[in-house]
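**Student:** Protein sequence lines, in the order shown, are assigned to chains Z and R. In terms of this note's numbering, the first sequence has 72 at position 69, counting the first letter as 1, and numbering is strictly consecutive. In terms of this note's numbering, the second sequence has 23 at position 14, counting the first letter as 1, and numbering is strictly consecutive.
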Amino acid sequence: MSALRDFAAAWHRFWFETADTRPLELLRIGVGLTLLLSYLSVAQNVGAFYTEEGWMPLAQTPSIEEEWSTLSVLFLARTPEAAWALYVATLAAAVAYVLGWRSNVAKVVLFVGHYSFTRRAPAVAYGVDDLCSNLLFLQLFVPMGLAFSLDARRRASQACAPWRTTSRSMALRLSQVQMAVIMGFAGLEKLQGEDWWDGMGIWFAMTDWEFNFFPLAPFAAAPYLLNVLSYGSVLFELAYPALIWGRRTRTPLLLVAFALHLGVAVVMGLWLFSLAMVIAHLAFAPAAWLDRLGPADCAAPPQNSKAGSTPASSRRSTDIEGQRDGGSTDMPRASAR
Amino acid sequence: MDAHDRCAGPRPHPRWVYRALSGLIVLYISGLLLAAGPSSALIDDVYEVAYPALELGNINNDWGFFSPDPGPGDVPRYEVVDGEGNAHAFDWMEALDRWDPAYFRYTTLLVAVIDSPRTYGPGATAMLCRRHADLQPRKIVFTVAHQADQTPEDILSGKTIMSDAEVERLFFLPCEDVDP
Numbered sequence: 004m005s006a007l008r009d010f011a012a013a014w015h016r017f018w019f020e021t022a023d024t025r026p027l028e029l030l031r032i033g034v035g036l037t038l039l040l041s042y043l044s045v046a047q048n049v050g051a052f053y054t055e056e057g058w059m060p061l062a063q064t065p066s067i068e069e070e071w072s073t074l075s076v077l078f079l080a081r082t083p084e085a086a087w088a089l090y091v092a093t094l095a096a097a098v099a100y101v102l103g104w105r106s107n108v109a110k111v112v113l114f115v116g117h118y119s120f121t122r123r124a125p126a127v128a129y130g131v132d133d134l135c136s137n138l139l140f141l142q143l144f145v146p147m148g149l150a151f152s153l154d155a156r157r158r159a160s161q162a163c164a165p166w167r168t169t170s171r172s173m174a175l176r177l178s179q180v181q182m183a184v185i186m187g188f189a190g191l192e193k194l195q196g197e198d199w200w201d202g203m204g205i206w207f208a209m210t211d212w213e214f215n216f217f218p219l220a221p222f223a224a225a226p227y228l229l230n231v232l233s234y235g236s237v238l239f240e241l242a243y244p245a246l247i248w249g250r251r252t253r254t255p256l257l258l259v260a261f262a263l264h265l266g267v268a269v270v271m272g273l274w275l276f277s278l279a280m281v282i283a284h285l286a287f288a289p290a291a292w293l294d295r296l297g298p299a300d301c302a303a304p305p306q307n308s309k310a311g312s313t314p315a316s317s318r319r320s321t322d323i324e325g326q327r328d329g330g331s332t333d334m335p336r337a338s339a340r
Numbered sequence: 010m011d012a013h014d015r016c017a018g019p020r021p022h023p024r025w026v027y028r029a030l031s032g033l034i035v036l037y038i039s040g041l042l043l044a045a046g047p048s049s050a051l052i053d054d055v056y057e058v059a060y061p062a063l064e065l066g067n068i069n070n071d072w073g074f075f076s077p078d079p080g081p082g083d084v085p086r087y088e089v090v091d092g093e094g095n096a097h098a099f100d101w102m103e104a105l106d107r108w109d110p111a112y113f114r115y116t117t118l119l120v121a122v123i124d125s126p127r128t129y130g131p132g133a134t135a136m137l138c139r140r141h142a143d144l145q146p147r148k149i150v151f152t153v154a155h156q157a158d159q160t161p162e163d164i165l166s167g168k169t170i171m172s173d174a175e176v177e178r179l180f181f182l183p184c185e186d187v188d189p
């Protein structure tokens with residue numbers, strides 16, 4: 004019974020009492036920025052991708068609409084003008100979301116626009132869209148724009164912002180678990196492939212025409228490097244779901260993740276996807292990084308002091324739960340007895 | 010809003026709220042694992058039932074980046090057959106501008122056309138018939154160049170990634186059928 008009670012307490016702390024949910028705001032900025040760049044990049048193709056004059060006219064690809072008949076604004080309004088209006092609204096919402104201006108309105112407009120475009124033209128949607136959809140969907144249900152935003156600045160007259168709400172804690176944790184699942188399954192899937200098992204996965208990814216952005220000769224002359232990079236990628240992805248929760252392992256792991264995605268961007272040309280992944284990793288941003296971006300305000304737990312008795316500006320925020328009190332991990336754990 | 014609400018952490022909710030939220034968490038994570046997980050009779054049947062919820066929750070992704078085996082690639086191409094029956098071959102993916110910011114959206118589209126011809130073939134055919142109107146096209150033949158495995162030694166010996174690629178004709182669609 005006691006073990007069960009301890010587990011319930013740990014579960015509650017992990018999911019509902021995260022001390023510092025500022026990483027959610029980094030995800031807000033990142034998702035908004037990624038979608039802004041993503042939609043700017045198709046500015047010359049709005050007609051080709053999303054209208055009846057393009058590659059996927061609904062008259063000739065009815066299965067798109069049959070499957071998603073109610074889930075895209077562009078199924079209801081099919082004119083080029085409607086596509087352009089939605090496009091402009093989506094861009095504007097992305098800008099507002101990045102700046103944190105009317106964040107809770109902007110996120111709804113951005114989600115509706117993004118969802119509508121990806122459902123209207125699923126054949127041009129790829130990993131960037133999926134990742135942004137995942138993260139934005141979780142943000143839909145929680146108050147956003149409470150830090151690093153114009154909204155927060157507008158509310159500066161309030162002593163403290165209500166960051167620590169149950170829903171934000173839950174959304175941050177789900178975003179983190181999602182990243183752990185993404186990385187873990189990316190590693191597990193690779194284990195099934197002979198190319199990765201033979202230490203040549205990176206080579207064969209680079210020699211695919213679609214991703215061949217970089218001269219191959221330097222890599223061809225260094226087969227050991229190819230082996231190290233291939234095995235290293237798989238090991239990193241497999242280790243991520245376990246080690247990202249640890250206080251000491253988190254920062255090095257994040258730095259490796261950033262290096263990996265930078266490499267993917269440069270060598271394989273997937274710069275937008277790499278940006279989205281880097282941003283998603285920021286769900287685990289340590290408090291020290293966040294403190295450099297802005298004041299901690301109410302992020303810190305009350306620590307035996309009465310609410311409001313400590314000046315907000317003098318408080319240091321905690322990292323994700325379990326780090327201030329000397330814990331080495333913020334995975335669910337039994338409460339100290 | 011009092012000081013406690015604003016500064017002292019989450020407002021305590023009734024116990025049933027936490028229980029309901031915990032249920033949602035379990036469902037969400039189960040959905041993540043189901044969408045990304047392996048395939049089996051049991052999992053496939055559960056997946057079929059859960060599919061609409063996974064889509065609505067935006068978590069229907071398998072996240073298998075470059076796996077299980079990343080290469081060699083398939084490179085979509087096409088031929089335009091004109092009114093006199095002459096075939097004009099065109100590069101398609103190879104003709105894309107790699108520095109076009111929409112490059113990967115186009116490569117994704119082209120792969121979708123050759124992978125799902127029933128869904129995306131007619132629209133692509135209509136577009137290509139319009140693009141090559143000067144040839145008075147009769148039909149579009151979709152082909153794919155299957156890249157051959159090229160080892161580092163092959164590249165160092167002067168081969169390119171398209172050396173020894175085999176071109177396969179996949180399907181064709183008449184322009185008149187798609188009313189361009």
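Cβ atoms here follow ideal geometry from the backbone N, Cα and C, with glycine treated the same way.
Against chain Z, with Cβ distances strictly below 9 angstroms, would D161/R count as a contact?
**Tutor:** Looking at the sequence provided, one finds Pro at residue 161/R rather than Asp. At least one chain Z Cβ lies under 9 angstroms of P161/R.
**Student:** Please confirm if K110/Z has its CB atom under 9 angstroms from at least one CB of chain R.
**Tutor:** Judged by the 9 angstroms Cβ criterion, K110/Z is not in contact with chain R.
**Student:** Is Q195/Z buried or exposed, if buried means 16 or more other CB atoms sit within 10 Å of its CB?
**Tutor:** Result: exposed.
**Student:** Identify whether I323/Z lies in helix, strand or coil by the three-state DSSP scheme.
**Tutor:** Note on I323/Z: pLDDT 40, under 50, position unreliable in the model; no value is reported.
**Student:** Leaving aside the five residues before and after S44/Z along the sequence, list all residues of the same chain whose C-beta is less than 8 angstroms from its C-beta, in chain order.
**Tutor:** Closer than 8 angstroms at Cβ, skipping near neighbours: L275.
**Student:** Could you have a look at G50/Z and say whether DSSP puts it in helix, strand or coil?
**Tutor:** Three-state result, G50/Z: helix.
**Student:** For K110/Z versus L143/Z, is the C-beta spacing smaller than 9 angstroms?
**Tutor:** It is a contact, given that the beta carbons lie within the stated cut-off.
**Student:** If I measure Cβ to Cβ from L139/Z and keep anything under 6 angstroms in the same chain, skipping five residues before and after, which residues do I get?
**Tutor:** Within the same chain, L139/Z has close Cβ partners V34 and F114.
**Student:** I need the DSSP call for L2/Z, collapsed to helix, strand or coil.
**Tutor:** Since the displayed chain Z opens at 4 and closes at 340, residue 2/Z lies outside it and no answer follows.
**Student:** Mind checking which residues open and close the alpha helix (DSSP H) that includes E185/R?
**Tutor:** Note, E185/R: alpha helix (DSSP H), C184 to V187.
**Student:** Excluding the 5 residues flanking L273/Z on each side, which residues of the same chain have their C-beta closer than 6 angstroms to its C-beta?
**Tutor:** Cβ neighbours of L273/Z beyond the five flanking positions: V267.
**Student:** Around the C-beta of Y227/Z, are 16 or more other C-beta atoms found within 10 angstroms, so that it is buried, or is it exposed?
**Tutor:** When all chains shown are included, Y227/Z counts as exposed.
**Student:** Could you tell me the alpha carbon to alpha carbon distance between T152/R and E88/R, rounded to whole angstroms?
**Tutor:** So the two alpha carbons sit approximately 7 angstroms from each other.
**Student:** Enumerate in chain order the residues of its own chain whose CB-to-CB distance from L141/Z is below 6 angstroms, with the five nearest sequence positions on each side excluded.
**Tutor:** So the qualifying residues of the chain are A174, L177 and S178.
**Student:** Of all Cβ atoms in chain R, is any one closer than 9 angstroms to the Cβ of S316/Z?
**Tutor:** Since pLDDT at S316/Z reaches only 36, below the 50 mark, its modelled position is unreliable, and no value is offered.
**Student:** Taking buried to mean at least 16 other C-beta atoms within 10 Å of its own C-beta, is E185/R buried or exposed?
**Tutor:** Burial call: exposed.
**Student:** Can you name, in chain order, every residue of its own chain whose Cβ lies under 6 angstroms from the Cβ of P126/R, other than the five neighbours on each side?
**Tutor:** Around P126/R: F180.
**Student:** Just checking: is the beta-carbon of Y118/Z within a distance shorter than 9 angstroms of some beta-carbon in chain R?
**Tutor:** At least one chain R Cβ lies under 9 angstroms of Y118/Z.
**Student:** So, under 8 angstroms CB-CB, G80/R and F217/Z are touching, yes? Tell me the CB distance rounded to an integer number of Å.
**Tutor:** Wrong, their Cβ atoms sit about 15 angstroms apart, outside the cutoff.
**Student:** Between the Cα of L27/Z and those of I282/Z, P83/Z and A291/Z, spot the shortest distance and give me the residue it belongs to.
**Tutor:** The option with the nearest alpha carbon to L27/Z is I282/Z.
**Student:** Should E103/R be flagged as near chain Z, meaning a C-beta pair shorter than 9 angstroms?
**Tutor:** Taking Cβ atoms only, chain Z reaches closer than 9 angstroms to E103/R, which makes this a yes.
**Student:** On the DSSP letters alone, give me the boundaries of the alpha helix (DSSP H) that I121/Z sits inside.
**Tutor:** Strictly speaking, residue 121/Z in this sequence is Thr, with Ile absent from that position. From DSSP, the alpha helix (DSSP H) with T121/Z extends over S106 to R123.
**Student:** What is the residue span of the beta strand (DSSP E) that T128/R lies within?
**Tutor:** Premise fails: T128/R lies in the alpha helix (DSSP H), P126 to R140, not in any beta strand (DSSP E).
**Student:** Let me know the secondary structure DSSP gives A164/Z once reduced to three states.
**Tutor:** Confidence is the limiting factor: at A164/Z the pLDDT is only 47, short of 50, which leaves the residue's position unreliable, though a coordinate-based value still follows. If DSSP states are grouped into helix, strand and coil, A164/Z belongs with coil.
**Student:** Please report the distance separating the alpha-carbon of L238/Z from that of G190/Z.
**Tutor:** Looking at the two C-alpha atoms, the distance is approximately 7 angstroms.
**Student:** Please report the distance separating the alpha-carbon of A45/R from that of T134/R.
**Tutor:** One C-alpha to the other measures close to 34 angstroms.
**Student:** Pull out every residue of the stretch 57–84 of chain R whose Cβ sits closer than 9 angstroms to any Cβ of chain Z, in chain order.
**Tutor:** Within the stretch 57–84 of chain R, the residues whose Cβ lies closer than 9 angstroms to some Cβ of chain Z are E64, L65, G66, N67, I68, N69, N70, D71, W72, G73, F74, F75, S76, P77, D78, P79, G80, P81, G82, D83 and V84, listed in chain order.
**Student:** Who are the Cβ neighbours of L229/Z in its own chain at under 8 angstroms, not counting the five residues just before and after it?
**Tutor:** If we look at L229/Z and ignore the five residues flanking it on each side, its Cβ neighbours are G202, M203, I205, W206 and F222.
**Student:** On the three-state DSSP scale, how would you describe D83/R?
**Tutor:** In this structure, D83/R counts as strand in the three-state DSSP scheme.
**Student:** What residues from chain Z crowd round G132/R, counting only those whose CB sits closer than 7 angstroms?
**Tutor:** By Cβ distance, chain Z contributes W58, M59, P60, Q63 and T64.
**Student:** Taking M186/Z as the reference, give the member of D132/Z, A260/Z and R158/Z with the closest Cα.
**Tutor:** Nearest of D132/Z, A260/Z and R158/Z to M186/Z, Cα basis: A260/Z.
**Student:** Between which two residues does the beta strand (DSSP E) containing V127/Z stretch?
**Tutor:** Run containing V127/Z: none; DSSP gives neither H nor E here.
**Student:** With a 10 Å radius around its C-beta and 16 neighbouring C-beta atoms as the bar for buried, classify Q181/Z as buried or exposed.
**Tutor:** Buried: at least 16 other Cβ atoms inside 10 Å.
**Student:** Determine, using beta carbons only, whether V120/R and P85/R come nearer to each other than 9 angstroms.
**Tutor:** Against a cut-off of 9 angstroms, the Cβ pair of P85/R and V120/R comes out as a contact.
**Student:** Let me make sure I understand the geometry here. Which of V184/Z, P125/Z, V98/Z and V127/Z has the alpha-carbon closest to that of G148/Z?
**Tutor:** Comparing Cα positions, the closest option is V98/Z.
**Student:** Indicate whether H97/R and L137/R have their beta-carbon atoms separated by less than 9 angstroms.
**Tutor:** Their beta carbons are not under 9 angstroms apart, which means H97/R does not touch L137/R by this criterion.
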